[in-house]
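A short worksheet on the structure shown next.
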Amino acid sequence: MNTTTTSSTGRTTPSGDYPVLNHPPARPPLIGDHAERTRTFTWDEARGWLAAEPGERLNIAYQAVQRQVDAGRGSAVAVRFLDRTAPRTELTYAELADAAAGFAAVLTGLGVGPGDRVCTLLPRSPELFVAALGTLWNGSVYCPLFPAFGPGPVRQRLDLGHVRLLVTDRASYERKVAEARDDLPHLSAVVVLEDDAPPGTVSWRDAQTRAEGLPRPPVAETGPEDPALLHFTSGTTGRPKGAVHVHEAVVAHHATARMVLDLHEDDVYWCTADPGWVTGTSYGIIGPLTCGVTVVTDAADFDARRWYSVLQDEQVTVFYTAPTALRMLMRSGADLARAHDLSRLRHVVSVGEPLNPEAVMWGTEAFGRPIHDTWWQTETGAIMISNVPGMPVRPGSMGRPVPGVEVAVLARGDDGRALVRDGEVQRCGPDEVGELALRPGWPSMFRAYLDQPERYAAAFSGGWYLSGDLARVDADGYVWFVGRADDVIKSAGHLIGPFEVESTLMEHPSVSEVGVIGKPDPLAGEIVKAFVTLAPGVEPSEALRRELIVFGRHRLGSVAPREIAFDPHLPHTRSGKVMRRLLKARELGLPEGDTSTVEETP
Ligand code: ATP
Ligand code: MG
């Protein structure tokens with residue numbers, strides 16, 4: 123049970139009466155002892171964990187694949203591809219390095235050079251990995267697009283990114299791009315996977331044949347500060363922003379894949395995020411390959427039975443997924459998990475949304491171990507806060523800062539954001555809620571918001587990067603997520619974070635997912651309204667609604683939801699996040715704003 127206390131300052135804090143989980147790691151973690159590592163760690167040290175490149179050079183593709191080949195591990199399996207309809211295939215590190223170099227030759231042949239942007243709009247496939255790594259090999263900038271985007275979001279991103287080359291399949295090209303080609307003057311080439319390339323495109327095979335005569339290009343001579351990746355944010359709070367990352371980001375990708383995901387060379391690792399989002403690139407491609415593991419990737423969509431079969435049959439040892447997926451697995455019951463042999467699985471990790479303590483506890487039932495949370499953003503490029511292996515897990519807390527990352531919670535002004543006066547910030551004390559901030563300087567920090575220099579500048583203040591998320595840090599340095607600054611509810615003098623209200627309602631057995639918003643109220647300013655998706659087989663009724671109100675009041679006191687509505691499909695971003703701003707706009711009859719990243723309702 124999780125109860126809430128409200129302090130005199132009107133902030134709410136979960137009392138955290140879940141047990142601290144102290145499962146011994148199944149294998150000595152690479153990070154060693156978190157406190158000790160934090161004391162001695164420097165990013166220079168982490169740079170030394172990568173292979174040396176000539177001069178001041180640093181290239182992500184070199185570190186991800188060629189490095190393994192040079193180290194004599196070329197025959198190790200780099201990626202294993204699963205698909206519902208196609209046979210299982212594998213690429214070794216040597217094959218992937220060769221194919222990446224081949225794709226770099228294709229780019230050169232098509233006039234795409236260093237700094238030019240290359241997009242993929244592809245399912246999780248060998249070609250996607252080859253195009254991503256080949257683009258980086260070439261010194262060009264890789265920008266993945268989520269394959270289920272409709273024509274609008276695809277065109278918008280191709281246009282905003284001044285993209286020079288797109289790799290896609292024939293159907294996607296014809297449906298999403300062809301008509302708009304004249305409005306995309308920067309798009310000089312399109313490569314399609316099929317042999318019968320439509321007009322204005324070239325087939326993957328022809329492009330490769332044309333490049334065959336060319337010598338295998340060496341890895342581009344990129345420096346650490348050269349742009350490498352362009353990632354659009356999830357669009358949870360508004361129009362997606364383009365975050366620009368540089369080759370130096372690989373230092374953080376590698377260090378965190380090692381210290382947080384605990385990737386050893388012999389691991390079989392599955393990251394369920396699509397490379398269309400930053401997680402799928404930082405930790406679906408780059409980080410794990412720099413660690414020399416075998417990456418499993420599945421082109422199929424979520425299906426609880428299939429997922430457990432993949433974990434079992436591929437003998438996955440480390441699994442990185444998201445709370446939405448975990449909630450869906452929870453809905454299908456722990457028995458289904460236990461019906462599979464998951465004995466090889468030693469580390470389960472989550473990102474993207476608040477991880478409800480209920481889900482962490484469920485992990486101990488289903489997987490025999492707690493789920494480890496990680497917090498980071500498109501802008502941070504890599505994990506910043508985590509329950510690293512070996513550190514006791516406090517369910518509901520995201521864990522502690524990763525070695526090399528300095529975190530602060532900054533006092534807020536009336537707008538909910540950090541208060542900066544004359545360049546000075548005020549830090550909150552233990553357990554006080556404020557804006558989560560990071561000390562700039564970690565290698566994967568974004569270097570720009572595409573075409574929005576003022577917005578970028580505004581993200582830094584008083585010597586800190588301001589994340590836009592609210593959190594508190596307890597006396598032992600554990601960070602507790604409260605909500606996004608935009609989502610926080612102000613009710614009768616209380617500041618209420620949606621996360622803890624949602625987590626508390628999720629403890630009710632009839633509830634499977636919750637989204638909470640503030641609804642304007644003449645007396646209280648705002649009241650808490652919860653939108654609830656019920657567990658399978660549970661029918662909505664007035665009696666259940668009342669029961670949930672009482673359940674909430676009992677556990678949350680004055681910050682409990684006053685209104686509850688049943689909603690079988692909460693709006694999610696395509697990356698799986700609950701979109702509270704849409705719940706609010708719909709409740710208030712306001713415009714929905716940018717909806718380019720909204721998932722289609724099934
Ligand atoms: P946009 O910036 O376009 O509104 P977004 O913030 O959802 O979209 P991402 O960069 O994909 O785009 O997501 C980062 C955000 O996701 C974080 O700022 C935080 O709000 C949320 N998040 C990520 N991991 C966690 C976590 N472990 N616990 C709580 N929230 C998380
Ligand atoms: Mg964001």
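All residue numbers for the sequence shown refer to the numbering used here, where the first residue is 123 and numbers rise by one.
For each residue, glycine too, the CB sits at the ideal point set by N, CA and C.
R684 and R491 have their C-alpha atoms some 36 Å from each other. Looking from the CA of V372, the closest CA among R460, P346, V390, G364 belongs to P346. If you look at D435, you'll find it in the alpha helix (DSSP H) that goes 426 to 435.
With contacts defined as CB atoms closer than 8 Å, V529 and L572 fail to qualify as a contacting pair.
Shown here, E669 sits in a helix according to DSSP, grouped into three states. The beta carbon of S472 sits closer than 8 Å to the beta carbons of Y442, T443, A444, P445, L448, A481, I493, H494, D495, T496 from its chain, once the five residues preceding and following it are set aside; these are given in chain order. According to the DSSP secondary-structure assignment, V313 is paired through a beta bridge with V289, V324.
With a 10 Å radius around the Cβ and a threshold of 16 neighbouring Cβ atoms, V142 comes out exposed.
Here S247 is buried. Its C-beta has 16 or more other C-beta atoms within 10 Å. Taking 3 residues as the shortest admissible run, the stretch 629 to 655 contains the following complete beta strand (DSSP E) segments, listed from N- to C-terminal end: 633 to 643. Between the stretch 373 to 383 and the stretch 576 to 586, the count of C-beta pairs closer than 8 Å stays below three; the two stretches do not touch. In this structure, the ligand ATP has a non-hydrogen atom nearer than 7 Å to the beta-carbon of E475.
Put simply, the backbone Cα of R206 is about 19 Å away from that of F268.
DSSP, reduced to helix, strand and coil, places T214 within a strand of the structure shown.
Partner residues in the beta bridge of A593, as assigned by DSSP, are G556, F603. The Cβ atoms of L336 and A227 lie closer than 8 Å to each other. Put simply, the stretch 593 to 608 does not touch the stretch 641 to 657. Fewer than three CB pairs are less than 8 Å apart. By the C-beta criterion, the stretch 426 to 439 is judged not to be in contact with the stretch 398 to 406, since fewer than 3 inter-stretch pairs fall below 8 Å. With contacts defined as CB atoms closer than 8 Å, P525 and T160 qualify as a contacting pair. According to the DSSP assignment, H616 belongs to the beta strand (DSSP E) that extends over 616 to 618. A Cβ-Cβ contact shorter than 8 Å links R279 with F354. For W259, the uninterrupted alpha helix (DSSP H) segment begins and ends at 248 to 259. Check the Cα spacing between D304 and each of P690, W259, T290, D281: the tightest is with D281.
For A456, the closest C-alpha among the options A221, G474, F489 is that of F489.
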